[in-house]
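Structure first, then comments.
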Amino acid sequence: MAAAAALSPASSGDGGAGGRRSRRVLMFPLPFQGHITPMLQLADVLRCHGGFDVTIFQAAVNDAEWARHPAAAAGYRFVTVGAGVAAALAETVPSKGTNSDFAGIILRMNELLRAPFEDSLREVLAEDAVGDDTPAPPCLVVDSTLRGMQEVASRLGVPTLSLRTGGAACLVAYMAVPELIDKGVLPPPSRDPSQLDMPVTELPPLRVRDMLFSATTTQATMVACFECIIESIRCSSGVIFNTFDDIESADLQKIAGGLSVAVYAIGPLHKISAGLESSLLTQDRSCLEWLDKQEAESVLYVSFGSLASMDADELLETAWGLANSPVPFLWVIRPNSVVQGSGSQQGQVSLPDGFEDATRGRGMVVSWAPQQDVLRHRAVGGFWTHNGWNSTLESICDGVPMMCRPQFADQMINARYVEEVWKVGFLLEGKLERGVIQAAATKLLCMEEGKEMRRRAKHFKDRAAVSTENGGSTKAAISMLVELIKSL
Ligand code: UDP
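Right under this line is the structure:
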C-alpha cells in the first residue's frame with residue numbers, strides 16, 4: 006500500500022533533468038544488524054529502481070565489521086559519523102543481551118550522534134555544491150529511531166523520509182501507549198501472570214505482557230523512545246515500511262490516518278533488493294551444503310537474531326530439547342549470546358558433554374548463518390525464532406512456520422501476530438525446558454498442526470511474491486516512493 010494520507014507527494018521533480026546530477030539519497034541506519042539490513046536493502050532498491058546515488062552514514066561502532074563489509078565494494082559510499090565520540094558510542098553497544106536497556110541505548114545514541122552528524126552532513130552538502138553541474142539537493146532516509154538526526158537534517162534544509170524497520174502492527178501498538186497509560190492499563194499493577202495475561206482490548210490480540218518493552222527499560226524511557234519514533238515519522242515526508250499489504254493492510258491504514266503521513270509498504274525488501282550482502286558477522290555457508298543432504302521440509306532452523314541472549318540453563322535445556330527431539334536441526338549460537346549469572350557474556354559457548362555424540366549426523370551448530378538462504382532452502386521445514394521483525398518477515402515470505410520465543414522490544418507483538426493473526430506459528434512461553442522444546446519441535450515439523458501452519462505460511466509466501474510483481478502493491482509503492490524522492 007502507498008496510502009497517501011494528509012501529505013500527498015507533490016508532482017514529479019527534476020530527477021536528474023535540466024543538467025542536474027542524479028539526486029543523491031543519504032541514509033542513516035541505527036547501527037544494529039536488524040536495522041542495517043533493511044536500510045542497505047532499501048539502498049539497493051532505490052539505486053536500481055530510481056537510479057539514485059546513495060551515501061550511507063554509519064555510526065562509529067562496529068568499525069572492524071564495516072571495514073570488510075561487501076557493501077563498500079559494491080560502490081556505496083560510507084561516511085563514518087562520531088569517530089570523536091567512539092569510546093562513548095562503544096559503551097552504548099548492548100552488553101547484557103536480552104537484559105540490555107535498548108530504549109535507553111537508542112536515546113543515548115541520539116544524544117551522542119547529533120553534533121557529529123551535523124558536521125558530517127555539512128561536509129557532504131558542501132561536497133555536493135562543488136562541480137560544474139547543479140547538484141540536485143539530497144534527501145535523507147533516516148531510521149525512525151534516529152529522531153535527533155532528522156532534526157539536524159531539517160535545520161539544514163534537507164527533507165527526510167523515515168524508515169521503520171519493524172512491522173506496522175508494532176507501530177500501531179506504540180501509538181496507543183499514551184492512551185493505555187491514561188487508562189491505567191500500563192504499567193500493570195504487578196508482574197503477576199494474571200495481570201500480564203490480561204487482553205489489551207484496544208489492540209487485539211495483544212496482552213499486557215506483549216507491551217512490556219524489556220525487563221530493564223523503565224516506562225519513562227520506553228515512552229520517550231516511542232515519542233522519538235512517532236515524531237520522526239510525523240515530521241517526515243513519508244514513512245517506509247519493510248512489510249506488504251497482504252499481511253498488514255489494516256495497520257498501515259491506521260498509521261497513514263493516525264499520523265497524517267504518506268505510507269510506503271515496500272517489503273519484503275529481501276525479495277526485491279539485488280542481494281546486497283548486509284551481514285556484519287561472517288556467515289558460515291557450509292550449513293547450506295549440510296542442508297542439501299537433508300530431506301525436504303525436515304529441518305528445524307534455530308536462531309535468535311543478533312542481540313537476544315540465553316542463560317546457561319536455557320542453553321542446556323535447548324541442547325537436550327533438540328537432541329531428544331526426532332527432527333534434524335541447524336542451530337545458530339552467536340559468540341557472546343550466552344549470559345552468565347554475573348551478567349557477563351560467555352565468548353566461546355560450550356555445549357554439554359554428550360551432545361555432539363547424541364546429535365551426530367542429525368544436527369549442525371554454526372556461529373552465524375546465511376539466514377535468508379537457509380530459510381529459502383527446500384530442506385527447512387520450521388524456524389525456532391525470537392521474532393525480530395526481519396526474521397519474522399523472512400520466514401513468512403519463504404513459507405516457513407515458526408515456534409516463537411520473543412524476548413524484548415517488538416518481538417512479543419510480532420510473535421502474537423504470528424500465532425493469532427497470521428496463524429503461521431505458535432508461542433513457546435514459560436520456563437524453557439527440554440521436554441517442552443522436544444514437544445514443540447515435534448508439533449511444528451511432524452504433526453498436522455504444524456503442516457497446517459506451513460500451508461498458511463506458503464499462502465503468504467505466494468502473496469508476497471505477487472506483491473512484488475507488476476501490478477502488485479509493493480511494486481506500486483516503490484514507484485510512488487521513487488517519484489516522491491524525485492519531487493522533494
Ligand atoms: N541473521 C543472519 N544470520 C543468522 C541470524 C540472523 O543473517 O545467523 C540475520 C537475519 O536474516 C535478519 C537479521 O540477522 O535479517 C536479524 O534481524 P531481526 O530483526 O530478525 O532480529 P534482531 O537481530 O534485530 O534482534
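Counting from 6, one number per residue, gives the positions in the sequence shown under the numbering used here.
Beta carbons: idealized from backbone N, C-alpha and C, even for Gly.
Any non-hydrogen atom of ligand 1 within 7 Å of residue i CB
i, result
"Gln-155", "no"
"Leu-312", "yes"
"Asn-395", "yes"
"Gln-288", "yes"
"Gly-359", "no"
"Glu-399", "yes"
"Gly-39", "yes"
"Pro-375", "yes"
"Val-343", "no"
"Thr-42", "yes"
"Val-66", "no"
"Val-471", "no"
"His-391", "yes"
"Ser-125", "no"
"Val-337", "yes"
"Ser-284", "yes"
"Ser-219", "no"
Burial state of residue i, where buried means 16 or more other Cβ atoms lie within 10 Å
i, result
"Thr-206", "exposed"
"Val-487", "buried"
"Val-244", "buried"
"Ile-490", "buried"
"Glu-154", "Reading off the sequence, residue 154 comes out as Met, not Glu. It is buried - the Cβ of Met-154 has at least 16 other Cβ atoms within 10 Å."
"Gly-326", "buried"
"Gly-171", "buried"
"Met-203", "exposed"
"Gly-265", "The amino acid at residue 265 is misidentified as Gly; the sequence shows Ser. With fewer than 16 Cβ atoms within 10 Å of its Cβ, Ser-265 is classed as exposed."
"Ala-15", "Here the model assigns Ala-15 a pLDDT of 30, short of 50, so the residue's position is not dependable and the matter cannot be decided."
"Ser-13", "Its pLDDT being 32, under 50, Ser-13 is placed unreliably by the model, and nothing is read from it."
"Ser-242", "buried"
"Thr-390", "buried"
"Asn-475", "exposed"
"Gly-23", "Per-residue confidence for Gly-23 stands at a pLDDT of 45, beneath the threshold of 50, marking its modelled position as unreliable; the derived number appears in the next sentence. It is exposed - the Cβ of Gly-23 has fewer than 16 other Cβ atoms within 10 Å."
"Ser-17", "Confidence is the limiting factor: at Ser-17 the pLDDT is only 33, short of 50, which leaves the residue's position unreliable, though a coordinate-based value still follows. Answer is exposed; the Cβ neighbour count stays below 16."
"Ala-11", "Bear in mind that the predicted position of Ala-11 carries a pLDDT of just 29, short of 50, making it unreliable; the figure below should be weighed with that in mind. Exposed, by the Cβ-count rule."
"Lys-466", "buried"
"Ala-8", "Residue confidence for Ala-8 is low, a pLDDT of 45 falling below 50, so the modelled location carries little weight; the figure read from the coordinates is stated next. Under this definition Ala-8 is a buried residue."
"Asp-256", "buried"
"Leu-211", "buried"
"Gln-299", "buried"
"Arg-290", "exposed"
"Met-6", "Note that Met-6 scores a pLDDT of 45, beneath 50, so its modelled location is shaky; the value from the coordinates is reported in the next line. So Met-6 ends up on the buried side."
Opposing strand residues paired with residue i [DSSP bridges]
i, result
"Ala-64", "Val-86"
"Ile-401", "Looking at the DSSP assignment, Ile-401 forms no beta bridge with any residue, so it has no partner."
"Arg-29", "Asp-58"
"Asp-5", "Residue 5 lies beyond the residue range present for the chain, which begins at 6 and ends at 493; the question has no answer from this structure."
"Pro-204", "Arg-212"
"Met-315", "Val-343"
"Met-180", "Its beta-bridge partners do not exist; DSSP assigns none."
"Phe-334", "Leu-305, Gly-368"
"Gly-430", "Met-407"
"Ala-363", "Looking at the DSSP assignment, Ala-363 forms no beta bridge with any residue, so it has no partner."
"Trp-389", "Val-307, Met-408"
Distance between beta carbons of residue j and residue i, contact taken as under 8 Å
i, j, result
"Ser-400", "Gly-39", "Not really, about 14 Å apart at Cβ, beyond 8 Å."
"Leu-293", "Asp-378", "6 Å"
"Asp-124", "Pro-34", "Rounded, the Cβ-Cβ distance is 19 Å, inconsistent with contact."
"Ala-328", "Ala-363", "4 Å"
"Arg-459", "Pro-406", "5 Å"
"Arg-383", "Ala-301", "5 Å"
"Phe-37", "Gln-63", "Actually they are not in contact, since the Cβ atoms of Phe-37 and Gln-63 sit about 12 Å apart, beyond 8 Å."
"Leu-145", "Ala-131", "Incorrect: roughly 16 Å between the Cβ atoms, too far for contact."
Nearest residue (CA-CA) to residue i, options the options
i, options, result
"Phe-107", "Ala-120, Leu-168, Val-228", "Val-228"
"Glu-116", "Ala-88, Phe-83, Val-98, Arg-152", "Arg-152"
"Ile-110", "Leu-217, Thr-150, Val-266, Phe-122", "Thr-150"
"Glu-425", "Val-182, Pro-357, Ala-220, Leu-208", "Leu-208"
"Leu-47", "Glu-96, Ile-277, Phe-465, Ser-355", "Ile-277"
"His-464", "Lys-428, Met-369, Pro-142", "Lys-428"
"Pro-375", "Leu-176, Lys-188, Arg-339", "Arg-339"
"Gly-102", "Ala-317, Arg-439, Gly-477, Met-485", "Ala-317"
"Phe-4", "Glu-438, Ala-444, Gln-288", "Any answer about residue 4 is impossible in this case: the structure gives the chain only from 6 up to 493."
"Leu-112", "Ser-100, Leu-126, Leu-94", "Leu-94"
"Asn-104", "Ala-414, Leu-437, Ala-481", "Ala-414"
"Leu-118", "Ala-65, Glu-282, Glu-322", "Ala-65"
"Gly-455", "Trp-373, Arg-239, Gly-386, Gly-80", "Gly-386"
"Val-1", "Ala-313, His-54, Pro-194", "Since the first residue of the chain shown is 6 and the last is 493, residue 1 is not available in this structure."
"Gly-263", "Val-177, Phe-309, Ile-271, Val-344", "Val-177"
CB contact check: residue i to chain D, cutoff 8 Å
i, result
"Phe-413", "The displayed structure is made up of one protein chain only, and chain D is not part of it."
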